[in-house]
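The sequence shown runs 6 to 329 under my numbering.
The block underneath contains the structure these notes are about, expressed in structure tokens.
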Amino acid sequence: MSDIRLEGVTRRYGTVAAADEVDLAVAQGEFVTILGPSGSGKTTLLSLIAGLNRPTAGRIFIGGRDVTEATAQERNIGLVFQSYALFPHMTVLENVLFPLGVRKITGPPARAKALEALKLVRLDGLHDRRPSQLSGGQQQRVALARAIVFKPDILLLDEPLGALDRKLREELQVELKQLQRTLGVTTLLVTHDQEEALSLSDRIMVLNHGRTQQVAAPTEAYLKPANRFVAEFLGIANFVGLDGGRTGLVRPERVRLEPIGVNGGRPARVVEAIYLGQMVRYHLVLDGKDAAPMVAAAPFVGRAWQAGEPVAVSWDAADIWPVA
Ligand SMILES: Nc1ncnc2c1ncn2[C@@H]1O[C@H](COP(=O)(O)OP(=O)(O)OP(=O)(O)O)[C@@H](O)[C@H]1O
Ligand SMILES: [Mg+2]
6 MSDIRLEGVT
16 RRYGTVAAAD
26 EVDLAVAQGE
36 FVTILGPSGS
46 GKTTLLSLIA
56 GLNRPTAGRI
66 FIGGRDVTEA
76 TAQERNIGLV
86 FQSYALFPHM
96 TVLENVLFPL
106 GVRKITGPPA
116 RAKALEALKL
126 VRLDGLHDRR
136 PSQLSGGQQQ
146 RVALARAIVF
156 KPDILLLDEP
166 LGALDRKLRE
176 ELQVELKQLQ
186 RTLGVTTLLV
196 THDQEEALSL
206 SDRIMVLNHG
216 RTQQVAAPTE
226 AYLKPANRFV
236 AEFLGIANFV
246 GLDGGRTGLV
256 RPERVRLEPI
266 GVNGGRPARV
276 VEAIYLGQMV
286 RYHLVLDGKD
296 AAPMVAAAPF
306 VGRAWQAGEP
316 VAVSWDAADI
326 WPVA
């Protein structure tokens with residue numbers, strides 16, 4: 006049975022549909038990431054599920070129960086927002102105790118739960134600090150502890166790592182994934198960061214203008230995008246002409262570069278070679294009257310192609326995905 010089910014969920018603001026007939030079924034324990042450009046309706050969708058906002062049309066089910074009209078308090082949901090929204094005048098421990106107090110859990114049982122949650126996010130020992138005495142990553146962990154301390158049925162995370170630098174963000178991504186597995190809690194994460202989405206989630210949901218573009222496993226959405234928007238939103242897409250005037254897509258990792266005249270391929274020229282650690286990204290221009298730009302990505306093994314060099318470009322027919 007689905008843990009979260011959305012049926013035709015719509016939220017209009019005047020003429021703008023921030024959520025436009027969204028359908029979604031999230032399984033118990035599943036980790037789904039909502040991905041989309043700014044203003045595409047990601048926060049709107051989370052706030053509708055959390056009960057902080059009401060749909061104009063459609064139904065919302067949690068654990069099989071229709072909660073469309075239920076208040077936020079009647080839904081057992083843990084929330085983390087981008088700005089951690091910790092209480093600055095409270096200590097770490099008091100912050101984590103807060104949602105328990107709201108639920109009338111107090112005294113030693115509350116303290117035990119709060120300490121357990123803080124341990125889960127590896128913050129034991131910092132209980133008595135105030136948020137201003139913590140790093141951004143530590144504050145984010147407090148926010149997570151506060152969201153999980155009452156054992157929510159569902160965890161909703163809105164850009165929880167958005168304010169952190171890249172390295173810390175990557176560390177916390179791993180921790181978040183492990184925490185989510187340990188708790189087995191059904192999770193919806195909102196992010197701008199497609200790498201984060203692709204690496205963390207069981208499935209991703211791509212939104213644009215409040216409408217679902219695709220719901221699929223990360224690799225499927227990346228290699229078999231439902232449309233041009235998804236293809237371009239999830240990384241770099243090379244569009245190639247197919248027979249019958251249709252358009253196909255080849256991802257940069259699937260583009261082969263070889264010396265001219267060895268195995269055939271289309272003649273091209275390297276415009277730029279960009280080192281990305283272990284990979285090199287090549288910007289190319291195919292020769293000929295259409296002179297189309299392309300991007301290839303290949304592991305750096307000893308030697309890289311240099312800007313200005315001619316190369317033969319090829320790809321397997323199996324790596325072409327037709328896009329609408
Ligand atoms: N209270 C409101 N009144 C009017 N319009 C709103 C309101 N809240 C959101 N919107 C509009 O709904 C659309 C979706 O907003 P939402 O905050 O859900 O986007 P988002 O995907 O979370 O964007 P971001 O990535 O910037 O956080 C936007 O066009 C926004 O301007
Ligand atoms: Mg938002």
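Don't be surprised by glycine CBs; every beta carbon is placed ideally from N, CA and C.
Go ahead and label K172 buried or exposed: buried means 16 or more other beta carbons lie within 10 angstroms of its beta carbon, across all protein chains shown.
-> exposed
Going straight from the alpha carbon of G167 to that of I265, what length do you get?
-> 44 Å
Mind checking R16: buried by the 16 CB within 10 Å criterion, or exposed?
-> buried
Please find out if some non-hydrogen atom of ligand 2 comes closer than 6 Å to the beta-carbon of T38.
-> no
C-alpha gap between L254 and A222, whole angstroms = 18 Å
So is the beta-carbon of K47 under 6 Å away from any non-hydrogen atom of ligand 2?
-> yes
When every heavy atom of ligand 1 is checked, does at least one fall within less than 6 Å of the C-beta of Y227?
-> no
Evaluate contact between the segment 72-81 and the segment 236-256, counting only Cβ atoms and requiring at least three cross-stretch pairs below 8 Å.
-> no
Would you call the segment 310-325 and the segment 231-238 in contact, with 3 or more CB pairs under 8 Å?
-> no
Using three-state DSSP, classify A2 as helix, strand or coil.
-> Coverage of the chain is limited to positions 6 through 329, which leaves residue 2 absent and any answer about it impossible.
Exposed or buried, which one is M284 when buried takes at least 16 other CB atoms within 10 Å?
-> exposed
Extent of the continuous alpha helix (DSSP H) to which E176 belongs | R171 to L188
Who are the near neighbours of L162 in its chain, counting only those whose CB is closer than 6 Å to its CB and skipping five residues on each side?
-> V85 and L194
Does the distance from the CB of A77 to the CB of L105 come in under 7 Å?
-> no
Excluding the 5 residues preceding and the 5 following L247 in the sequence, name in chain order all residues of the same chain whose CB lies nearer than 6 Å to its CB.
-> G253
Proximity winner among D324, V316, R308 and S204, relative to H288 (alpha-carbon distances) = V316
Inside the segment 233-263 only - alpha helix (DSSP H) runs reaching at least 4 residues | 233-238
Taking the alpha carbon of L184 as the point to measure from, which residue in D198, V154 and R208 has its own alpha carbon closest?
-> V154
Give me whichever residues DSSP pairs with D3 in a beta bridge.
-> The chain is shown only over 6 to 329; residue 3 falls outside these bounds and no answer can be derived.
Check the C-beta distance from V27 over to V14 and give it rounded, since I have them as a contact under 8 Å.
-> 5 Å
T192, buried or exposed, once every other Cβ within 10 Å from all chains shown has been counted against 16 = buried
Touch check for the segment 201-218 and the segment 17-26: three-plus C-beta pairs under 8 Å?
-> yes
Got a sec? Which residues, its chain only, sit under 6 Å from F66 by beta carbon, not counting five neighbours each side?
-> R10
Please look up how many angstroms separate the CB atoms of L139 and L131, rounded, as I've assumed it's under 8 Å.
-> 7 Å
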